[in-house]
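Trainee: Position one of the sequence shown corresponds to residue 10 (our numbering), numbered consecutively onward. Yeah, the Cβ is synthetic: ideal placement off N, Cα and C, and Gly gets one too.
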Amino acid sequence: MSPKEKKGIRIRHTLVFCNHVSALAIQDLPSNDGNRTLTRISIKRTYPLNDTELQKLSQTDRQLLDKDDYGVLAFRSAYTTDANAKRMIIMLHGFGRDAWQYQDTANDALYEAIGLTGSPDQNDIKKLKLDETLIVSPQFINEEDMELYYQTNDLQFDDVANLTTYDSPSIETTLVWQNTSWAEGADSILPTNITSPPDQEGNSRLIKAPSMSSFEVMDAMIDQATDKTRFPKLETVIVAGHSLGAQFVQRYALIGAIPSKQIPVHFFIANPGSYVYLTDERPRSTKKCSDTYNEWKFGLGVFGIRYLYDMVITSLDTLNDITDVRVRYLRDRQVHYLYGLNDTGTNGDRRCQAMSQGRNHLERGRNYLKHINQTSLALHLDHAHTVDFVPGIAHDARGMFYSPAGIRRLFLSNIDGTESARGVG
Numbered sequence: 010m011s012p013k014e015k016k017g018i019r020i021r022h023t024l025v026f027c028n029h030v031s032a033l034a035i036q037d038l039p040s041n042d043g044n045r046t047l048t049r050i051s052i053k054r055t056y057p058l059n060d061t062e063l064q065k066l067s068q069t070d071r072q073l074l075d076k077d078d079y080g081v082l083a084f085r086s087a088y089t090t091d092a093n094a095k096r097m098i099i100m101l102h103g104f105g106r107d108a109w110q111y112q113d114t115a116n117d118a119l120y121e122a123i124g125l126t127g128s129p130d131q132n133d134i135k136k137l138k139l140d141e142t143l144i145v146s147p148q149f150i151n152e153e154d155m156e157l158y159y160q161t162n163d164l165q166f167d168d169v170a171n172l173t174t175y176d177s178p179s180i181e182t183t184l185v186w187q188n189t190s191w192a193e194g195a196d197s198i199l200p201t202n203i204t205s206p207p208d209q210e211g212n213s214r215l216i217k218a219p220s221m222s223s224f225e226v227m228d229a230m231i232d233q234a235t236d237k238t239r240f241p242k243l244e245t246v247i248v249a250g251h252s253l254g255a256q257f258v259q260r261y262a263l264i265g266a267i268p269s270k271q272i273p274v275h276f277f278i279a280n281p282g283s284y285v286y287l288t289d290e291r292p293r294s295t296k297k298c299s300d301t302y303n304e305w306k307f308g309l310g311v312f313g314i315r316y317l318y319d320m321v322i323t324s325l326d327t328l329n330d331i332t333d334v335r336v337r338y339l340r341d342r343q344v345h346y347l348y349g350l351n352d353t354g355t356n357g358d359r360r361c362q363a364m365s366q367g368r369n370h371l372e373r374g375r376n377y378l379k380h381i382n383q384t385s386l387a388l389h390l391d392h393a394h395t396v397d398f399v400p401g402i403a404h405d406a407r408g409m410f411y412s413p414a415g416i417r418r419l420f421l422s423n424i425d426g427t428e429s430a431r432g433v434g
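As structure tokens, then:
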């Protein structure tokens, strides 16, 4: 009996991916079902050695910060155990902050892939197993979601990710970002403080909480995937996104620590609205944004986020930092770009910085491919990236995931588990 038959369910989700979202509350999140369950990803902040704020704290307060777990909510496959998972797909949501919808769509695409017949990839598809594929979709929230922020701090998860509630006072450790800044690796804006345990006189103190980059969340997820006691069979990690989620993936693929040790990591980037360029050249005019077009998140001219700055000052010799980042991205990181050939609408980012990369998603994608080819030639290396154009699909996550190229990149990359890890920490 197949896993699908054994579960006895296949929930078809009819989804609409929107460009507007209302503030989220706990009641807006869907109930667990046979395919999806709500969980929480815990993250511990790592401090650079030169962190002046940390140096000011007492030993007691440092220990409290070290002990405290921050985190984000996430949805994960209900039918796959950690112990049985061979493939982990970390799926990034888009502008709508609707991680559950992306979880469901990726899950539906997995069912679609397993049921395919007559595909050129049929031999590989036969090796794909439902209960060996773990899909995890982190939920990034912003300042509009304050009700959800306070509600989630009163949720508790047991050791097997079952959700229970309790009535103890709220301890704010769920991370919140400003607007869409999570997609570019920015630091969280909440929590601002954590409360120390009461002293002998019953008094508590507020201690400034460290900010967390959304890229540190991804680092933590990948690092947790390397735990062989928890994931003894894991062979492949796919970090995937569409639209704004794809922007997250492209930027993380460029500068992320990717602490996966010996596990290969692939990056699935579908129809992003903009890119980080590796040089200061652009295909279209930058006249109206000449001072900002090459700043992060659009370029490497100004290190606009702490995560990038910390990476640069703690890694290389500062003269060759950016060159080495480019080389690692192009030569070592396994990046897959996917473009819907009908993604030519005028919705999306119309700012000068984005428009300098192209007039629409497809044009920006084609221009970026030219850019990485030219940059690779200038650096005298062959890049490791792939590209697929999907006919008949516009700006549609479902269409991209369901396409033959989408299925191949999401579910069949390293299906034999024989790849060596490249460009990882």
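DSSP on ILE35, reduced to helix/strand/coil?
Mentor: Here ILE35 sits in helix by DSSP.
Trainee: Buried or exposed: where does GLU244 fall if 16 or more other Cβ atoms within 10 Å of its Cβ makes it buried?
Mentor: Under this definition GLU244 is a buried residue.
Trainee: For GLY105, count the other beta carbons within 10 Å of its own beta carbon; 16 or more makes it buried, fewer makes it exposed. Which is it?
Mentor: Buried.
Trainee: Per DSSP, what are the beta-bridge partners of VAL246 in this structure?
Mentor: DSSP lists MET97, VAL274 as partners of VAL246.
Trainee: Rounded to whole angstroms, how far is the Cβ of ILE99 from the Cβ of VAL344, which I believe are closer than 8 Å?
Mentor: About 15 Å; that fails the 8 Å criterion.
Trainee: Suppose you measure from the CA of ASP113 to the CA of ASP42; what does that come to, to the nearest Å?
Mentor: So the two alpha carbons sit approximately 11 Å from each other.
Trainee: Note down the Cα distance separating SER252 from TRP191, rounded to an integer number of angstroms.
Mentor: Taking the straight line joining both Cα atoms gives about 14 Å.
Trainee: Taking just the CA atoms, how far does ALA229 sit from ILE180?
Mentor: The predicted position of ILE180 is uncertain, since its pLDDT is 46 and thus under 50; a value taken from the coordinates is nonetheless stated next. Taking the straight line joining both Cα atoms gives about 21 Å.
Trainee: Between GLY308 and TYR286, how many whole angstroms is the CB-CB distance? I'm expecting something under 8 Å.
Mentor: Confirmed, about 5 Å.
Trainee: Could you please give the first and the last residue of the uninterrupted beta strand (DSSP E) stretch that includes GLN343?
Mentor: Residues 343-349.
Trainee: Looking at LEU378 and VAL396, is the spacing between their C-beta atoms short of 7 Å?
Mentor: It is a contact, given that the beta carbons lie within the stated cut-off.
Trainee: Ignore the nearest five residues each way along the sequence and tell me which others in ALA266's own chain have a CB closer than 7 Å to its CB.
Mentor: For ALA266, where only same-chain residues beyond five positions count, the Cβ hits under 7 Å are ASP228, GLY434.
Trainee: Relative to the C-alpha of GLN187, which residue among ILE264, ASN212, SER223 is closest?
Mentor: It is SER223.
Trainee: Just curious, the beta strand (DSSP E) that THR395 is in, first and last residue?
Mentor: Here the beta strand (DSSP E) through THR395 covers 395-399.
Trainee: My understanding is that VAL336 touches LEU390, with C-beta atoms under 8 Å, so please give their C-beta distance in whole angstroms.
Mentor: Their Cβ separation, rounded to whole angstroms, is 6 Å, which keeps VAL336 and LEU390 in contact under 8 Å.
Trainee: Under 8 Å, with one C-beta from each stretch per pair, do the region 195-203 and the region 214-223 reach the 3-pair mark?
Mentor: Contact holds: three or more Cβ-Cβ distances are below 8 Å.
Trainee: Roughly how many angstroms separate the alpha carbons of LYS53 and GLN256, rounded to a whole number?
Mentor: Spanning the two alpha carbons is a distance of roughly 24 Å.
Trainee: Where does GLU372 fall in DSSP's three states?
Mentor: Reduced to three states, the DSSP call for GLU372 is helix.
Trainee: Report all residues from its chain with a CB closer than 6 Å to the CB of CYS361; omit the five preceding and five following residues, and keep chain order.
Mentor: Excluding positions up to five away in sequence, the list reads LYS297, CYS298.
Trainee: Suppose you measure from the CA of GLY80 to the CA of ASP232; what does that come to, to the nearest Å?
Mentor: For GLY80 and ASP232, the distance between alpha carbons rounds to 14 Å.
Trainee: Taking ALA414 as the reference, give the member of ALA279, GLN209, SER31, THR355 with the closest Cα.
Mentor: Of ALA279, GLN209, SER31, THR355, the residue nearest in Cα terms is ALA279.
Trainee: Kindly indicate which residue of PRO39, TYR111, ILE314, LEU139 has the alpha-carbon position closest to the one of MET409.
Mentor: Nearest C-alpha to MET409: TYR111.
Trainee: Where does ALA92 land, buried or exposed, given buried means 16+ other C-beta within 10 angstroms?
Mentor: Counting Cβ neighbours within 10 Å, ALA92 comes out exposed, since fewer than 16 surround it.
Trainee: Along the beta strand (DSSP E) that carries GLY408, what are the first and last residues, could you check?
Mentor: Unbroken run through GLY408 is the alpha helix (DSSP H), 406-411; no beta strand (DSSP E).
Trainee: Measuring only the C-alpha atoms, how far is ASN369 from TYR284?
Mentor: Approximately 12 Å between the Cα atoms of the pair.
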